[in-house]
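Colleague: Residue numbers (my numbering): 148 to 214. Beta carbons: idealized from backbone N, C-alpha and C, even for Gly.
1) Could you give the distance in angstroms between the alpha-carbon of residue 200 and the alpha-carbon of residue 173?
2) With 16 as the cutoff for other CB atoms within 10 Å, does residue 209 come out buried or exposed?
3) How many angstroms separate the CA atom of residue 180 from the CA atom of residue 211?
4) Quick check on residue 182: does DSSP put it in helix, strand or coil?
5) How many angstroms separate the CA atom of residue 151 from the CA atom of residue 161?
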C-alpha cells in the first residue's frame, strides 16, 4: 500500500510538470491553441490534486513495515 501511495505522489508530480508546461504554452503559444492549452493545464492540475490526495490517504492509512 505504501508503494502505491508513493507512486501516486510521483504521478502527481508528473501531472504538475505537465500543467506548468501547458500553462506556459498557453501564455506564449499561438492564439489558436491557447484555450486548449489552458484546459489541458487545468485538467492536469485536477489530476495532480486527486492523485496527491489519494497518495496521502494511502500513506496515512497504511502502517510502516518493521524491518
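Modeller: With the structure as the only source:
1) Across the structure, residue 200 and residue 173 are spaced so that their CA atoms are roughly 27 angstroms apart.
2) Of the residues assessed, residue 209 falls on the exposed side of the cut-off, its CB having fewer than 16 other CB atoms within 10 angstroms.
3) Taking the straight line from one Cα to the other gives about 46 angstroms.
4) The DSSP-derived three-state label of residue 182 is helix.
5) Near 15 angstroms, if we compare the C-alpha coordinates of residue 161 and residue 151.
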